[in-house]
Structures are given as C-alpha cells and as structure tokens.
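Under our numbering, the first residue of the sequence shown is numbered 20, with each subsequent residue one higher.
Presented below is the structure to which this report refers.
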Amino acid sequence: MSDGADGCAMLGAVETRSVSPVFVGRAGELTALTEALSRATAGEPQALLIGGEAGVGKTRLIEEFLDTACAQGAVVALGGCVELGADGLPFAPFATALRSLRRRLPEELAAAADGQQAELARLLPELGDPGSHESSDEDSTARLFELTVRLLERLAADRTIVLVLEDLHWADASTRHLLTYLLRTLRRGRIVVVASYRADDIHRRHPLRPLLAELDRLRTIRRIELARFTRTEVHRQLTGILAAEPDPGLVEEVFERSDGNAFFVEELIVSHEAGCAAGQLSDSLRDLLLVRVETLPEDAQRIARIVAEGGSTVEYGLLAAVARLTEDELIEALRAAVGANLLLAVPDGDGYRFRHSLVREAVSDDLLPGERSRLNRRYAEALEADPGLVRADERANRLATYWYHAHDPAKALPAVLSASVATRKRHAYAEQLRLLERAMELWDEAPAETRGSLRPMDYAEAYPACGCDPESAALSYLDLLAEAAIAARLSGDRERALKIGKTALRHLGDAEPGDPLRAAWFWTERARLQSNLGRGDGWEEIARAQELVKGLPPSAVHAVVLVGAAGWGMLRNPGPDALAAAERAVEYARLVKAESIELNARLTLGTLMTAAGDVEAGLREMHAVRERTSALGQFTETVRAHINISSALESLGRSAEAVEVADTGIRVARAYGLVDSVGWVEANRAESLFSLGSWGEIGEIATRLLRSATSSKPRGSASLRLAQLAVARGELDAARRHLADARAAYGSRDTIPQYVLPMAQVEIAVAAAEGRIEDVRTLLAAAEQAGFPPSTHRYGWPLLLTAVTAEADSRGLPAADEGRAEALAVVRRSVRGLAAPAPVWEAYSRQVSEEIARAEGRETAARWAEVVAAYEPLERPYQLARARHRHADALLVEGGRREEATALLRQAHATAVRLGARPLREDVELLAARARLSLAEEKQVPAPAEPGDDTFGLTPREQDVLRLVAAGRTNRQIAEELFISPKTASVHVSNILAKLGVAGRGEAAALAHRLHLLDTPL
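Given below as structure tokens:
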C-alpha cells in the first residue's frame, strides 16, 4: 500500500483512478461521509467502517470523499494494511498514515510528539530510537496505543484530519488492536477515521470478525455496507467507460455476468474491447482478471508476476534487482503495465502496486509452485545484498517472509528470529508470537549447524541463561519457547502462553530433567497465567517452583520465584511467610544485581511491612521504590508503587492522603500512557472517596473504568464500588446487578480477600435491607468459615458491622429470636481475630461492640457517645452519621436529653441528605417524627411529646394490630385475639404498611422494633 498523499494535489499526480471517469451511485453513502466530515470539523470525532465485497467500489467511494475533504481544507492521511504473502506488517497502515502527516505537518507533528518520540518511534521510526527491550511489559502496548491516540488528538485540535485505513481484512493483530483502542477512546479533536474491509473475505474464523462485532457495540461508529450496482447503475458505468451509449445487449450481458460488481464490469469491458464478443466473455473469473495481463508484452507480464509475489507494494529498486532487466527494458515493461491500467505508481513515486488486489491475487495464483519459490528467493537475495532497498521498519519482516516462502529453512530460521526481535521492539507482540511459532515450525527442518550458530535473542525477562555465556551458548528450543510464552502473554493471548508453557515443561521433563532453574521459571509463569485466567490461585505452581530452586545458589529466577510467593501472600495471606519470602527476594535480587526484580520485591516488602504493623518503615520503603523507579524510567513499577501506597494509606484510615497519592499516580500513568495502571489507581481512589463521603465522583469513575479498563480486576472494583453505593442509597436492585458484575469480573477460582470480603458485605447488606435475617446469618457463617486472614481488618470490620447491625435491627421479631445468640457468637469469635491498628478501626470495633449490646437489649447512650467521639476526628462522614443516629435513639429511650438528641439527628440527617443515603435519611426522619423533634434548624426548644399521642398517624387499634404483626401473628390470629373479622384485620394491616411506608409485614415489624414504636412514648 502507498505511503498516502502528501496533499490533495498529490492524490491526482499519478493515475490512481478507476477506469470509469464517472462516479456512479453511492449518493447516500457519500452523504454519510460528508456529514461526518462536517461534524468532525465542528469538533466531534467521527468513525466510519466501509464494508463490501472485493471490487464493489470501496476505494472509489473513498476517493470521492477525499476529494471533498481536500476541497474543504482537511488534511488527508491514507494508510493501507499490507499483505506480504500470507503475512501482514505490524502497524503498517498507521505507520504509513503518520508518515504522511509528518510530511504534511512536520512542525506540528514534532510538537505533538514532544517528550514521547522514543515510544512513538515504535510506530514511526523517523521520530528517533524506539529504545530497547527493557521497556517491554504488560502495559507497553497500551502505553503505545494511548500515546498514538493522544498524538492524533493534538494534531486534530485546530485542523480537520481525515485518517483512512484501507484493507482491514489484511490487518495484523497489532493494527486491529490499535484501531479498536483508537475508536474506543477517541473523545476530542477534529478527526474522521474511515476504515475499509473486504466483507466477502470475513469468514467465520477470520480474525477481523471479533473486531467488527466489538465495534458494532460502540454507538459512536457507523457501518456503511456497499451493495452491488443495479442494472441502471451498470448502464451509467458503461456509458462513462465507453464515452457513448452502450448496446443494450452488451449492458444486459455485462450486468448478468458481473452481477453488479463495479470492478468486474470494468474487466468485462476490457475483455470485450480485447475482441471477445458479448456472448464469448470468459466464464472463469480468474481468466477474466488475467485478460489484461495476457495482452501485455512478455517483459511486462514478467514484471506483473514479480510484483504479484513481492507484496502489496514493491519498491522500484527492489523490483529492478529481482527482474534482472536492463533499466530501459524495465522502464518499458512498467510503462506497458501502467498504460494497461494493470499497475499503478504509488503516490510517493518509489514503487508500484496492482490497481486492484483481485488482479494481483489472480496473477499470484497463476504462478507455478517452483516459480513462486524462485521469486521469493530472488527477493530475499536482493534484500540481503542491499538492505536499503526497503524501509528500515519493514526490512526484517519482509526478509523473513521472502526466505520462508523460498522454502529454505537454513536461511529462513535466522531471518524469522531477527524479525521477531524487530517486531518485539515495536511492541507488536502478536506478530512476534506468529514469527516465533514459525521459528518453531522451522526448527527441526533447519540444519544442525544453522541451529548451532544461533544465539539467544536476549533471555526472556528473568529466564535463566543456563549458566553459559550468551555470546557463545547456542539458542535452545527451550529459549524459543520462553520467548514465545512471554510474547503470548504480552499480546493478551494467555491461553496460548499457557499451552506453550505446558509444552516447555513437558520438554524439560522428557529431555532435560536436570534444569531446575528453567523449570522453576516456567512454573512461575504458569502460576501467573493460572491466576490471570481465573483457573486457580497459582499457589500449587509457585510451590513447585520454590521446591525446584531450594538449595540452589542465588539467581534471578530464584528471586522471581520468591517475589511470586511474596506477592501471592500479600494478596491472600499477608503473614510472616510472605514477609520472609519478600525479604529473601530482595536479598537474592541484590546478590545477582537484578535491580528491576529487587525493586519489585522491595515494593511487595514495603506493603507487607505496613500490613504487619511496621507502618512508617513500610511506607518509607514504598516511597523509596517509587522515587528509584521513576529515576530509572520504569514507570509501570512507579505507578504500581502509587497503587500500593494509596491502598496502604486507605487501610490505615488515611483516606485523604490516599486520594492525593492516587491522583499523582493517575497523572504519571496518563503521562506515560499506562492505561491499565490508570484503572488500578482509579479503583483505589474510588474506594477512598467512598470512605471520605465524596460519593458524587464514584459513579463517574466507575463508568470510566468499566469502559476503558483493560484488566478485569479494576472493572470488578468499579462494579463493587457501585454496589456499595447502591446499598447505602437503598437501590437494592442496582446493588444486586452491580454485585453480579463484580463477581463475574473477579472470577470464582481465586478467592482473594480484598475482593471476596467486600462482596460478602454487600450481599449481607442487601439481605438485611430486605429483612432476610436467616440469609444474613448464613452469609456471616460462610465468611467466618473462610476466615479473616491477617491484615484484612479493612474488609472484616465493615462486614461484621453490617451483620451485627442486622441482628440488632431485628431484635424483638419472634421469627428472628431463634439463632440470634449463635449469630452473635460468630461475630464475637470473628472480632477476636481482627486487628484494629488505626483509629478508624478502633471506632469500628467500638461500634460493633455496641451493636452487639443493642442486639441483646443492653445498649447505653454513654457507650454510643464513645462511638461518636471515636469517629468525630476521622474522615468517615457516613459512619459518623450512623453512629449519631444510634446515639440519638439511645438518648431518647433513656429520656431527658432531647436537645442533644435533636442536634445529633440534625447532623446525621444533613449528612444523609448530602450523600443521598436514603435508608439512613428515612430512619432519622422516622425517629424524629416519632419523638416529635424538628430536623429543621431552629433556636426554640422542641416541645415535649404528649403521652398518648399517636405516632405516624397510627390509631390505637392500629398500634394493637402492629404489636401482633410484630409478634408474627396472621390476619386470622389477629382477628381472633382482637375480636374483629379477618377482613377488618387485613384492612388494618394495609393501612399500617401505607403509613409506615414499608412493603411488607416483616419490614413493618422490624421498623416498629427499631424505632421503639411499641414502647412507652419518648
């Protein structure tokens, strides 16, 4: 595919037009494109997908649209996916389009890329050195994608840009992923993205099919499907081509044979003009497409065959080297092919391509097998002799492809491995994996001397160098599998990575049983993949790896194994074993001078130290790691430090500090395009904002995370925050829905306490709100059985508080009495195992104790005052409001302190209103109404309630009925006891439910007991 136009004038500088000089039909489609251009010019980014069968007119439609865009002053950047044999070049259309923009807007592009040239050079090498393999990590591809989108947005800030990406059916995986990311995240700028694809090529297993399905779900993208021409449109096309009214018989014949395909119409006319009568037109599509070729001179036909096998575009110098014609002969052959409208000169004048890919495919298919291999060998030999014949960013891939299709394993294997390194440096990991799999295919076919001459590409991550000098040690098949496993993981194909690792472990067991370091490395990789795929927690694999390295001298692999064990413990059981593993990991990493591994281990160590109570030392360690990784440019680890520090601060109740750290982490992550890391930090920030009572921001953060987070865990955390918010606001259906989404995102195979315990707390809260006390007890018992591991107090205390509050609220309900003592015993046992290492958890501990007392009917206003006092210096407005409500209730029951109760209720009510906490607000309002207290701010002393006054408008008879409802009586039993009819009892119950604003008898009974409606008036 060409480099794109240097400007609107360049689009017409060479013959790139179809045979027909008349643009036929497509009025609706062209209108859709021009309307998108208008909206983009107004500042609203647009995206359109154009699909249709080969030859239906996609390119011609785009040409007409680009004429309009150029006339309106838009900057056009055209790029096409490159087919090279059966391969695609990574990021080819984006590289071509950016190269075009750089020629058109050199200063503007340089300014937009300022500070990120090294990273963006992975797409456009002209920007500088793309850097080394050290920057490769699971965030690296997302970082490149984010910076690319940001670059386009900056360029389109004050000018309209039309970005056209053609032939998506040939797109490599990296191009598909970048396009998906662009279309999902593009939010500003005057830009139109138009992408085309050949619809008839998209079979059930075509890799583009899932992308199209995903893009269909995005409402911001418009799909345009081009239909074939009608008979009338074919007539107009023929009139334009012939410059005269066509014979009706010819129109009918061409329409029937072409079936309305615009390109076939043109080729049929070529056949007709070549001397075939209308009734003699070829029945074979391939023969029809070869008519142009067969009428050319022999040298021109030879050039056509060479270009067909060279790829989508062949550079003039490379073509000359392969053709082995004199310059004059080559020029004459090219002139004939271009004159016959078979080949086109690409807009930059440096090469040639077929006018239509269908013709190229037909010519290529017409080659004999030996002829195809010979041509590929000539291409490879020419490129080896003069590497400057093609662009540097394409050289390695094209050489590897040519040698592979030349069927020369001795040459192909080294070339494929070199291409895999070049592709990895561009973060095109899916293409790297494809190349490495090709190397595996060639491995046994290549001569032993070729394999013996290969050297490791550079050992994958901490993969061991087998104790040998990598300069002299030959590359082994295991080395190849290790690189492939990493490439598969980084490309997101974890299933493939798992299979490759399984193959490696089987190979180790069969062929090299005495290589424990390599085996340990593969087991550690397997542990990570098992956890990421939700197949388990990975501990069995980590334990195998630890057993393999036991007693061995310190090594990078040993350190990685210990880091894995420490990280596993940090998330699931942060006790002494995890702390010891982290300390040893730091020690081993220092001994082998593996600073990246050391910093990773130190961050885990600092997190575990903080959890173990060595707070300040742990925080200092994490801050030190943050500073060092920032200085080294290891920004993924820098942001991970922000994630862990903000989480540790939240665990200590220092939520405001946690938000500040998270804000800084988000800025760093966004500055370096660490999209996935942004999701993790924002998830932590949302948790701290919930604690601080800044509930208004949480919905926006969660929506953003659900839309853009690439990992499932941040999406799960977003759903969990929404579930917690919905429960607190009384939106139970929404809470259940968000809780189900969180469970789906977290998975069920790996029960990490920081996810499992909060989800259990939400489920208990929903059950309590619906009066399902037995379900509350069942869920509490399950939580106790699963246990509260060390340092999970931040999740354990809220869960226990929710459960014991439900017990207290149900006190007095006959149906709830049985089993209460056992449930409270569970709470007491659990409390004994929970730490309270910070003031906020001391406050929770006091509140849980007093809710136990309330559940047993022995609460006191004095102890509730202590709970309120514990919360007042803290940043927990919701918990403080709940404590104030309970304190006011206790004061009113004890009597005599109505002014103090009024002040507490007003404070609690103001907080509940601000937060939108409807259940708390309603409880406060009901208590105030029963006690005849005003929640409005006023200076006069509230009038005392008069004995005998009805509450909530309940008549004395309705109060009698409510007492019996609370005792669990049926309507018939109430009727018998009060000497009324069952129908009258039913009417009283209905009136009671309406006046209390509840949905059922259980809720009415619970409310009556909670607000003491059946006690002596307050």
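The beta carbon of each residue, even a glycine, is placed where N, CA and C say it ideally should be.
Since this is a predicted model, take the numbers as computed values, not measurements.
Check                                                                                                  : Outcome
Separation of A737 from T722, as counted between CA atoms                                              : 8 angstroms
C-beta atoms of L494 and P475 nearer than 8 angstroms                                                  : yes
Cα-Cα separation, R525 to A504                                                                         : 14 angstroms
Cβ contact check for the stretch 393–400 and the stretch 421–431: 3 or more pairs under 8 angstroms    : yes
N- and C-terminal bounds of the alpha helix (DSSP H) containing L120                                   : A111 to R123
Presumed contact (8 angstroms Cβ cut-off) between V846 and A822, rounded CB distance                   : 6 angstroms
For I260, the three-state DSSP class (helix, strand or coil)                                           : helix
Cross-strand partners of S215 (DSSP beta bridge)                                                       : I69
Sheet register partners of H372 (DSSP bridge)                                                          : Per the sequence shown, residue 372 should be read as Arg rather than His. Answer by DSSP bridge pairing, in chain order: L363.
Residue from L205, R417, Q451 and E271 whose Cα sits closest to the Cα of T160                         : Q451
Per DSSP, the bridge partner or partners of R242                                                       : L68
Per-residue burial, K77 [other beta carbons within 10 Å of its own, 16 or more giving buried]          : buried
Bridge partner(s) assigned by DSSP for G712                                                            : Partner(s): none; G712 has no beta bridge.
For V181, three-class secondary structure by DSSP                                                      : strand
Cβ shell of S649 (< 6 angstroms), same chain only, five flanking positions each side left out          : T657
Contained beta strand (DSSP E) runs [length at least 3] in the stretch 645–725, N- to C-terminal order : none
Rounded C-alpha distance that separates L432 from S383                                                 : 25 angstroms
V94, enclosing beta strand (DSSP E) - first and last residue                                           : V94 to G99
Pair within 8 angstroms by beta-carbon distance, T623 and G637                                         : no
Three-state class that DSSP yields for E544 in the structure shown                                     : helix
C-alpha distance - A137 paired with E165, whole-angstrom precision                                     : 14 angstroms
DSSP-derived helix/strand/coil call for I561                                                           : helix
8 angstroms Cβ cutoff met for R603 and L581                                                            : yes
Beta bridge counterpart(s) of V326 as assigned by DSSP                                                 : Answer is none; V326 lacks a bridge partner.
Euclidean distance between Cα positions of E995 and E837                                               : 26 angstroms
Local conformation of V333 per DSSP, three classes                                                     : strand
D908 - containing alpha helix (DSSP H), residue span                                                   : P896 to E913
As assigned by DSSP and simplified to three states, the class of E145                                  : helix
Spatial distance of A539 from W558 (CA atoms)                                                          : 13 angstroms
Check whether A827 and E870 have beta carbons under 8 angstroms apart                                  : yes
Pair within 8 angstroms by beta-carbon distance, T345 and T179                                         : no
Alpha-carbon spacing of A111 relative to E544, whole angstroms                                         : 31 angstroms
Beta-carbon gap between A585 and A562 smaller than 8 angstroms                                         : no
Three-state class that DSSP yields for I210 in the structure shown                                     : strand
Assigned secondary structure, E531 (DSSP; H/G/I helix, E/B strand, else coil)                          : Residue confidence for E531 is low, a pLDDT of 49 falling below 50, so the modelled location carries little weight; the figure read from the coordinates is stated next. Three-state DSSP puts E531 in coil, outside helix and strand.
Three-pair Cβ contact test at 8 angstroms for the stretch 887–904 versus the stretch 847–859           : yes
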